[in-house]
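Residue numbering for the sequence shown follows the working numbering, beginning at 0 and increasing consecutively. Ideal placement from N, C-alpha and C gives every residue a C-beta, glycine not left out.
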Amino acid sequence: MIRFGFAGVRWSRLAPAMVIVAGMVAYANSFSNAFILDDTATVLRPQLAGSHLWPLRCVVDLSFRLNFAIGGHNVADYHLVNLLVHLAAGLLLFGIVRRTLQLPSLKMGDAGTAAWLAAVCASLWVAHPLQTESVTYICQRYESAMGMFYLLTLYGFIRATEGQHVRMCGAIAIAACALGMASKEN
């Protein structure tokens, strides 16, 4: 059984903050970046700025429309939404890893240890250089949203199998799966 001296349950409530701070530090300098490559064709295309709601390519087009309605073509706003999606995915990964480490078959120790190990894993994933395009390349919101909804599907399923709030967590998993499919055709 793995035990850490700092991994008490009370302190483990700060573990998700580690994931958020890692993401904010890693991407703090990305808000001044410009639209690049096919960001211009995707974000600035006329049908996004228009009043027609359909046909939406997917859920992400709606988020681009909301971005445009709130801040026009202010690129920092688009980067902020991408960062929020990426951080949400990181927190979902944290939850999945934490709950997996707490399975009786793994015997990874107390809840505090699982939380800190999950925070380290999720923080490394959030700040990893391969994830850079998730925040800095606006068009990657399609991939990031799909990934976030996929992780939410897994998290909802895990929570449903734990026996608490089975119907609600199952409904969340199904809705998240549908939203993921509506975000990117993967």
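Name the residue from the options whose alpha carbon lies nearest to the alpha carbon of residue i.
| i | options | result |
| --- | --- | --- |
| M171 | K183, T152, A181, S182 | In the sequence as presented, Met is not what sits at residue 171; that position holds Ile. When each option's Cα is compared against that of I171, the closest is T152. |
| E132 | L123, S143, S122 | S143 |
| G22 | G169, G70, F63, L83 | L83 |
| G94 | V74, W115, G108 | W115 |
| V18 | A121, Q101, V74 | A121 |
| V20 | A33, A87, S182, N66 | A87 |
| G89 | T39, T135, Q130, M180 | Q130 |
| V42 | Y26, F30, S31, V59 | V59 |
| T39 | A68, W124, I137 | I137 |
| M180 | T112, M147, R158 | M147 |
| P128 | A14, Y26, F63 | Y26 |
| R158 | Q101, G70, N66 | Q101 |
Can you name the start and end residues of the alpha helix (DSSP H) that residue i belongs to?
| i | result |
| --- | --- |
| C57 | C57 -> no alpha helix (DSSP H), and no H or E assigned at all. |
| A75 | 74–100 |
| A177 | 165–180 |
Let's test the definition: count the other Cβ atoms within 10 Å of the Cβ of residue i and tell me whether it reaches 16, buried, or not, exposed.
| i | result |
| --- | --- |
| K106 | exposed |
| S11 | buried |
| T160 | exposed |
| D37 | exposed |
| V96 | buried |
| Q163 | exposed |
| H72 | exposed |
| V24 | exposed |
| M167 | exposed |
| A68 | exposed |
| A177 | exposed |
| N81 | buried |
| G4 | Note that G4 has pLDDT 49, beneath the 50 cutoff, so the model's placement of it is unreliable and the number below is only indicative. That one is exposed. |
| V134 | buried |
| L13 | exposed |
Any beta carbon of chain B sitting closer than 7 Å to that of residue i?
| i | result |
| --- | --- |
| A170 | Here there is only one protein chain, and chain B is not present. |
Ranges of the alpha helix (DSSP H) found wholly within the segment 10–43, counting only runs of at least 4: As far as the segment 10–43 is concerned, its whole alpha helix (DSSP H) runs of at least 4 residues are 14–26, 38–42.
Complete alpha helix (DSSP H) runs within the segment 105–151 (minimum length 4 residues, chain order): DSSP runs (the alpha helix (DSSP H)) wholly in the segment 105–151: 110–126, 131–135.
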